[in-house]
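Student: Here you go, one structure.
In our numbering, the protein residues as written are 16 to 326.
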(Lines of atoms letter the chains of each structure in order from A and count residues from 1; the text may use other names and numbers.)
(Lines give C-alpha, C1' and ligand atoms only; values in the text may rest on other atoms or scores of the structure.)
Protein backbone atom coordinates (compact mmCIF):
# COMPACT_ATOMS: atom_id res chain seq x y z
CA UNK A 1 0.00 0.00 0.00
CA UNK A 2 2.84 2.36 0.88
CA UNK A 3 4.50 1.69 -2.46
CA UNK A 4 1.26 2.44 -4.26
CA UNK A 5 0.88 5.79 -2.49
CA UNK A 6 4.47 6.71 -3.33
CA UNK A 7 3.72 5.88 -6.94
CA UNK A 8 0.51 7.94 -7.17
CA UNK A 9 1.41 11.11 -5.21
CA UNK A 10 4.00 12.50 -7.67
CA UNK A 11 1.47 12.26 -10.50
CA UNK A 12 -1.25 13.94 -8.46
CA UNK A 13 1.14 16.81 -7.75
CA UNK A 14 1.95 17.22 -11.43
CA UNK A 15 -1.74 17.24 -12.39
CA UNK A 16 -2.53 19.77 -9.66
CA UNK A 17 0.22 22.14 -10.80
CA UNK A 18 -0.84 21.80 -14.43
CA UNK A 19 -4.51 22.55 -13.72
CA UNK A 20 -3.60 25.54 -11.56
CA UNK A 21 -1.32 26.87 -14.29
CA UNK A 22 -3.86 26.64 -17.14
CA UNK A 23 -7.17 27.35 -15.38
CA UNK A 24 -8.62 30.80 -15.84
CA UNK A 25 -11.80 31.87 -14.12
CA UNK A 26 -14.53 32.65 -16.66
CA UNK A 27 -15.26 36.37 -16.86
CA UNK A 28 -18.94 37.26 -17.12
CA UNK A 29 -21.20 40.29 -17.04
CA UNK A 30 -24.69 40.40 -15.55
CA UNK A 31 -27.28 42.03 -17.80
CA UNK A 32 -30.06 43.20 -15.47
CA UNK A 33 -29.59 43.11 -11.71
CA UNK A 34 -32.97 41.69 -10.73
CA UNK A 35 -33.74 38.74 -8.47
CA UNK A 36 -31.81 36.19 -10.51
CA UNK A 37 -28.96 38.57 -11.27
CA UNK A 38 -28.36 39.33 -7.59
CA UNK A 39 -28.54 35.69 -6.52
CA UNK A 40 -26.24 34.73 -9.38
CA UNK A 41 -23.66 37.22 -8.10
CA UNK A 42 -23.84 35.67 -4.64
CA UNK A 43 -23.31 32.24 -6.14
CA UNK A 44 -20.51 33.47 -8.41
CA UNK A 45 -18.62 34.99 -5.49
CA UNK A 46 -18.68 31.60 -3.78
CA UNK A 47 -17.47 29.77 -6.89
CA UNK A 48 -14.73 30.28 -9.46
CA UNK A 49 -16.71 32.72 -11.60
CA UNK A 50 -15.32 36.23 -12.11
CA UNK A 51 -18.13 38.79 -12.45
CA UNK A 52 -16.57 41.89 -13.99
CA UNK A 53 -19.59 44.00 -14.93
CA UNK A 54 -23.24 44.65 -14.11
CA UNK A 55 -25.69 46.41 -16.40
CA UNK A 56 -28.53 48.00 -14.45
CA UNK A 57 -30.22 50.90 -16.27
CA UNK A 58 -32.87 51.57 -13.62
CA UNK A 59 -30.80 52.11 -10.47
CA UNK A 60 -27.64 53.91 -9.34
CA UNK A 61 -24.80 52.10 -7.57
CA UNK A 62 -26.10 53.00 -4.09
CA UNK A 63 -29.42 51.33 -4.75
CA UNK A 64 -27.71 48.38 -6.48
CA UNK A 65 -25.57 47.87 -3.36
CA UNK A 66 -28.61 48.11 -1.09
CA UNK A 67 -30.58 45.54 -3.09
CA UNK A 68 -27.63 43.16 -3.21
CA UNK A 69 -26.93 43.36 0.50
CA UNK A 70 -30.54 43.02 1.70
CA UNK A 71 -32.85 40.24 0.55
CA UNK A 72 -36.15 39.56 2.32
CA UNK A 73 -36.24 35.96 1.11
CA UNK A 74 -32.64 34.79 1.10
CA UNK A 75 -31.32 36.94 3.90
CA UNK A 76 -28.57 39.50 4.28
CA UNK A 77 -25.25 39.33 2.44
CA UNK A 78 -22.63 39.69 5.16
CA UNK A 79 -19.69 40.74 3.05
CA UNK A 80 -18.49 44.33 2.76
CA UNK A 81 -20.50 46.02 -0.02
CA UNK A 82 -19.36 49.49 -1.03
CA UNK A 83 -21.03 51.56 -3.78
CA UNK A 84 -18.73 53.89 -5.70
CA UNK A 85 -19.29 56.18 -8.66
CA UNK A 86 -19.28 53.57 -11.42
CA UNK A 87 -18.53 50.35 -9.63
CA UNK A 88 -19.47 48.10 -6.76
CA UNK A 89 -16.76 46.89 -4.40
CA UNK A 90 -17.57 43.62 -2.67
CA UNK A 91 -14.92 42.40 -0.22
CA UNK A 92 -12.21 44.35 -2.12
CA UNK A 93 -13.39 43.03 -5.51
CA UNK A 94 -14.41 45.81 -7.89
CA UNK A 95 -17.27 45.19 -10.32
CA UNK A 96 -18.03 47.83 -12.94
CA UNK A 97 -21.66 48.98 -13.05
CA UNK A 98 -23.01 50.18 -16.38
CA UNK A 99 -26.26 51.67 -17.58
CA UNK A 100 -26.77 50.37 -21.10
CA UNK A 101 -29.39 52.48 -22.84
CA UNK A 102 -31.32 52.17 -26.08
CA UNK A 103 -31.35 54.72 -28.88
CA UNK A 104 -34.71 53.28 -29.97
CA UNK A 105 -35.31 52.87 -33.72
CA UNK A 106 -34.68 55.11 -36.70
CA UNK A 107 -38.44 55.60 -37.01
CA UNK A 108 -38.78 56.64 -33.36
CA UNK A 109 -35.96 59.12 -33.93
CA UNK A 110 -37.91 60.58 -36.85
CA UNK A 111 -41.25 60.71 -35.09
CA UNK A 112 -40.21 61.92 -31.62
CA UNK A 113 -38.82 65.39 -32.56
CA UNK A 114 -41.88 66.20 -34.67
CA UNK A 115 -44.30 64.90 -32.04
CA UNK A 116 -42.57 66.92 -29.33
CA UNK A 117 -42.81 70.17 -31.28
CA UNK A 118 -46.49 69.65 -32.02
CA UNK A 119 -47.31 68.56 -28.48
CA UNK A 120 -45.41 71.45 -26.88
CA UNK A 121 -47.18 74.01 -29.06
CA UNK A 122 -50.65 72.58 -29.65
CA UNK A 123 -51.06 69.44 -27.54
CA UNK A 124 -51.63 65.98 -29.02
CA UNK A 125 -54.87 64.31 -27.96
CA UNK A 126 -54.24 61.10 -29.94
CA UNK A 127 -52.65 59.99 -33.15
CA UNK A 128 -51.76 57.26 -35.63
CA UNK A 129 -48.43 56.92 -37.39
CA UNK A 130 -47.60 55.06 -40.57
CA UNK A 131 -44.04 54.73 -41.78
CA UNK A 132 -43.35 53.88 -45.40
CA UNK A 133 -40.07 52.16 -44.71
CA UNK A 134 -37.19 50.96 -46.88
CA UNK A 135 -36.33 47.26 -46.91
CA UNK A 136 -34.27 45.86 -44.06
CA UNK A 137 -31.80 43.02 -43.71
CA UNK A 138 -34.35 40.80 -41.97
CA UNK A 139 -36.57 40.61 -45.06
CA UNK A 140 -36.48 37.95 -47.77
CA UNK A 141 -35.15 38.59 -51.27
CA UNK A 142 -37.55 35.94 -52.59
CA UNK A 143 -40.52 34.29 -50.89
CA UNK A 144 -39.52 32.13 -47.95
CA UNK A 145 -40.53 31.00 -44.49
CA UNK A 146 -41.23 33.64 -41.85
CA UNK A 147 -40.76 33.07 -38.12
CA UNK A 148 -43.62 35.34 -37.03
CA UNK A 149 -45.95 37.19 -39.38
CA UNK A 150 -46.52 35.28 -42.62
CA UNK A 151 -46.28 38.40 -44.76
CA UNK A 152 -42.72 38.96 -43.52
CA UNK A 153 -41.70 35.94 -45.58
CA UNK A 154 -42.75 37.45 -48.90
CA UNK A 155 -40.22 38.91 -51.33
CA UNK A 156 -39.07 42.36 -50.24
CA UNK A 157 -38.17 43.38 -53.78
CA UNK A 158 -41.55 42.53 -55.32
CA UNK A 159 -44.02 43.73 -52.71
CA UNK A 160 -45.30 46.47 -50.44
CA UNK A 161 -45.52 44.62 -47.13
CA UNK A 162 -47.55 45.73 -44.09
CA UNK A 163 -45.57 45.25 -40.88
CA UNK A 164 -45.73 46.03 -37.20
CA UNK A 165 -43.61 48.66 -35.46
CA UNK A 166 -43.26 49.83 -31.89
CA UNK A 167 -41.85 53.21 -32.92
CA UNK A 168 -44.92 55.27 -32.04
CA UNK A 169 -45.39 53.59 -28.66
CA UNK A 170 -41.69 54.13 -27.89
CA UNK A 171 -42.21 57.90 -28.15
CA UNK A 172 -44.20 57.69 -24.92
CA UNK A 173 -41.07 56.44 -23.15
CA UNK A 174 -39.19 59.68 -23.88
CA UNK A 175 -42.22 61.99 -23.83
CA UNK A 176 -44.30 60.68 -20.91
CA UNK A 177 -47.24 62.99 -21.72
CA UNK A 178 -47.75 61.01 -24.95
CA UNK A 179 -47.80 57.60 -23.29
CA UNK A 180 -50.76 55.66 -24.70
CA UNK A 181 -51.70 58.41 -27.15
CA UNK A 182 -49.77 57.20 -30.20
CA UNK A 183 -49.53 53.91 -32.04
CA UNK A 184 -48.62 52.94 -35.57
CA UNK A 185 -47.69 50.50 -38.30
CA UNK A 186 -45.28 50.21 -41.20
CA UNK A 187 -45.31 49.49 -44.91
CA UNK A 188 -42.03 47.99 -46.14
CA UNK A 189 -41.34 49.09 -49.71
CA UNK A 190 -38.65 47.99 -52.22
CA UNK A 191 -36.15 50.85 -51.92
CA UNK A 192 -32.68 50.41 -50.35
CA UNK A 193 -32.92 53.38 -47.95
CA UNK A 194 -34.92 56.57 -47.25
CA UNK A 195 -38.26 56.34 -45.48
CA UNK A 196 -41.13 58.64 -44.56
CA UNK A 197 -43.41 59.06 -41.54
CA UNK A 198 -47.09 59.92 -41.95
CA UNK A 199 -48.38 61.27 -38.61
CA UNK A 200 -52.14 61.81 -38.40
CA UNK A 201 -53.16 63.47 -35.14
CA UNK A 202 -55.97 65.20 -33.34
CA UNK A 203 -54.61 68.27 -31.56
CA UNK A 204 -55.98 69.91 -28.44
CA UNK A 205 -55.49 73.57 -29.33
CA UNK A 206 -57.31 74.72 -32.49
CA UNK A 207 -54.90 76.12 -35.08
CA UNK A 208 -54.17 76.32 -38.79
CA UNK A 209 -51.52 74.65 -40.93
CA UNK A 210 -49.43 77.81 -41.31
CA UNK A 211 -48.96 78.05 -37.55
CA UNK A 212 -47.90 74.41 -37.43
CA UNK A 213 -45.33 75.06 -40.15
CA UNK A 214 -43.99 78.07 -38.26
CA UNK A 215 -43.64 76.09 -35.03
CA UNK A 216 -41.73 73.28 -36.74
CA UNK A 217 -39.49 75.70 -38.65
CA UNK A 218 -38.67 77.60 -35.46
CA UNK A 219 -37.64 74.37 -33.71
CA UNK A 220 -35.62 73.21 -36.73
CA UNK A 221 -33.66 76.46 -36.70
CA UNK A 222 -33.38 76.59 -32.92
CA UNK A 223 -33.48 73.96 -30.20
CA UNK A 224 -33.57 70.99 -32.61
CA UNK A 225 -31.09 72.31 -35.15
CA UNK A 226 -29.23 69.41 -36.75
CA UNK A 227 -31.84 66.86 -35.67
CA UNK A 228 -35.10 68.17 -37.11
CA UNK A 229 -34.99 69.56 -40.63
CA UNK A 230 -37.52 71.68 -42.50
CA UNK A 231 -38.12 71.94 -46.24
CA UNK A 232 -40.62 73.56 -48.58
CA UNK A 233 -39.08 71.90 -51.64
CA UNK A 234 -41.02 69.22 -53.51
CA UNK A 235 -38.65 66.42 -52.56
CA UNK A 236 -38.88 62.65 -53.09
CA UNK A 237 -37.18 59.82 -51.23
CA UNK A 238 -33.87 59.79 -53.12
CA UNK A 239 -33.38 63.48 -52.33
CA UNK A 240 -32.79 62.75 -48.65
CA UNK A 241 -30.42 59.78 -48.97
CA UNK A 242 -27.36 60.51 -46.85
CA UNK A 243 -29.10 63.22 -44.82
CA UNK A 244 -27.79 63.47 -41.23
CA UNK A 245 -31.15 64.69 -39.93
CA UNK A 246 -33.34 62.34 -37.91
CA UNK A 247 -36.48 63.97 -39.30
CA UNK A 248 -37.09 66.32 -42.24
CA UNK A 249 -40.50 67.98 -42.08
CA UNK A 250 -42.09 68.27 -45.54
CA UNK A 251 -44.09 71.49 -45.29
CA UNK A 252 -45.75 71.04 -48.69
CA UNK A 253 -46.94 67.47 -48.10
CA UNK A 254 -49.12 67.89 -45.00
CA UNK A 255 -52.88 68.35 -45.10
CA UNK A 256 -55.46 69.58 -42.60
CA UNK A 257 -59.11 68.54 -42.38
CA UNK A 258 -60.11 71.03 -39.71
CA UNK A 259 -58.52 73.12 -36.96
CA UNK A 260 -58.01 70.04 -34.74
CA UNK A 261 -57.22 67.28 -37.24
CA UNK A 262 -54.03 67.21 -39.31
CA UNK A 263 -51.71 64.90 -41.26
CA UNK A 264 -47.98 65.70 -41.11
CA UNK A 265 -45.20 64.23 -43.25
CA UNK A 266 -41.54 63.87 -42.29
CA UNK A 267 -38.72 62.14 -44.20
CA UNK A 268 -35.67 60.31 -42.85
CA UNK A 269 -32.75 58.31 -44.13
CA UNK A 270 -33.29 55.30 -41.91
CA UNK A 271 -29.58 54.45 -42.12
CA UNK A 272 -27.57 57.69 -42.31
CA UNK A 273 -29.80 59.72 -40.00
CA UNK A 274 -29.77 57.08 -37.31
CA UNK A 275 -26.01 56.54 -37.64
CA UNK A 276 -25.43 60.25 -37.06
CA UNK A 277 -27.55 60.20 -33.89
CA UNK A 278 -25.52 57.26 -32.60
CA UNK A 279 -22.33 59.26 -33.14
CA UNK A 280 -23.88 62.25 -31.35
CA UNK A 281 -24.89 60.04 -28.46
CA UNK A 282 -21.36 58.66 -28.08
CA UNK A 283 -20.08 62.24 -27.79
CA UNK A 284 -22.79 63.04 -25.24
CA UNK A 285 -21.85 60.04 -23.09
CA UNK A 286 -18.15 60.96 -23.32
CA UNK A 287 -18.96 64.50 -22.17
CA UNK A 288 -20.90 63.17 -19.18
CA UNK A 289 -18.06 60.78 -18.32
CA UNK A 290 -15.56 63.65 -18.42
CA UNK A 291 -17.77 65.76 -16.15
CA UNK A 292 -18.07 62.85 -13.74
CA UNK A 293 -14.31 62.31 -13.74
CA UNK A 294 -13.76 65.94 -12.75
CA UNK A 295 -16.20 65.75 -9.85
CA UNK A 296 -14.76 65.49 -6.31
CA UNK A 297 -13.94 61.94 -5.32
CA UNK A 298 -16.02 60.30 -2.63
CA UNK A 299 -14.29 59.02 0.51
CA UNK A 300 -13.32 55.38 0.70
CA UNK A 301 -15.96 53.00 1.96
CA UNK A 302 -15.67 52.42 5.72
CA UNK A 303 -15.04 48.92 7.01
CA UNK A 304 -18.09 46.75 7.46
CA UNK A 305 -19.74 46.67 10.91
CA UNK A 306 -19.61 43.55 13.07
CA UNK A 307 -21.79 40.70 11.82
CA UNK A 308 -24.31 41.03 14.62
CA UNK A 309 -26.99 38.41 14.37
CA UNK A 310 -25.24 36.52 11.56
CA UNK A 311 -26.84 33.18 10.97
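Quick reminder that beta carbons are idealized off the backbone N, C-alpha and C, glycines included.
Going by DSSP, name the residue or residues bridged to residue 51.
Tutor: DSSP lists no partner for residue 51.
Student: Could you tell me the distance, in whole angstroms, from the CA atom of residue 157 to the CA atom of residue 165?
Tutor: Looking at the two C-alpha atoms, the distance is approximately 13 Å.
Student: Counting pairs of Cβ atoms below 8 Å between the stretch 270-288 and the stretch 207-216, do you hit three or more?
Tutor: Contact between the stretch 270-288 and the stretch 207-216 is present, because at least three Cβ pairs lie under 8 Å.
Student: Among 100, 231, 306, 211, which residue has its Cα nearest to the Cα of residue 288?
Tutor: Nearest option by C-alpha distance: 211.
Student: Going by DSSP in three states, residue 188 sits in which element: helix, strand or coil?
Tutor: In this structure, residue 188 counts as helix in the three-state DSSP scheme.
Student: Enumerate, from N- to C-terminal direction, the unbroken alpha helix (DSSP H) stretches of 4 or more residues contained entirely within the stretch 246-271.
Tutor: You should have found no qualifying run.
Student: Which of the three DSSP states, helix, strand or coil, is assigned to residue 11?
Tutor: Residue 11 lies beyond the range of the chain shown here (16 to 326); nothing can be said about it.
Student: Which residue wins for smallest C-alpha separation from residue 85, given the options 50, 119, 303?
Tutor: It is 50.
Student: What does DSSP give as the partner residue(s) for residue 213 in the beta ladder?
Tutor: Paired residues: 145, 280.
Student: Taking the beta strand (DSSP E) that residue 203 belongs to, which residues open and close that run?
Tutor: Here the beta strand (DSSP E) through residue 203 covers 197-204.
Student: Taking only three categories from DSSP, how would you classify residue 34?
Tutor: Note on residue 34: pLDDT 45, under 50, position unreliable in the model; no value is reported.
Student: Rounded to the nearest angstrom, what separates residue 144 and residue 200 at their Cα positions?
Tutor: Straight-line Cα distance between these residues: approximately 7 Å.
Student: Taking the straight line between their C-alpha atoms, what separation do you get for residue 112 and residue 302?
Tutor: For residue 112 and residue 302, the distance between alpha carbons rounds to 18 Å.
Student: Per the DSSP calculation, residue 178 is bridged to which residue(s)?
Tutor: Answer is 201, bridged to residue 178.
Student: Are the Cβ atoms of residue 231 and residue 202 separated by less than 8 Å?
Tutor: In this structure, residue 202 does not lie closer than 8 Å to residue 231 by Cβ.
Student: Out of 141, 163, 75, point me to the one whose CA is closest to residue 183's CA.
Tutor: The residue with the shortest Cα to Cα distance from residue 183 is 141.
Student: For residue 46, I'd like the list of residues in its chain whose CB is within less than 7 Å of its CB, leaving aside the five on either flank, ordered along the chain.
Tutor: For residue 46, where only same-chain residues beyond five positions count, the Cβ hits under 7 Å are 70.
Student: Does the stretch 121-140 touch the stretch 99-106, meaning 3 or more C-beta pairs lie closer than 8 Å?
Tutor: With a cut-off of 8 Å, the stretch 121-140 and the stretch 99-106 do not count as touching, because too few Cβ pairs lie within range.
Student: Exposed or buried, what is residue 58 when buried is set at 16 or more other beta-carbons lying within 10 Å of its beta-carbon?
Tutor: Looking at its Cβ environment, which holds fewer than 16 other Cβ atoms inside 10 Å, residue 58 is exposed.
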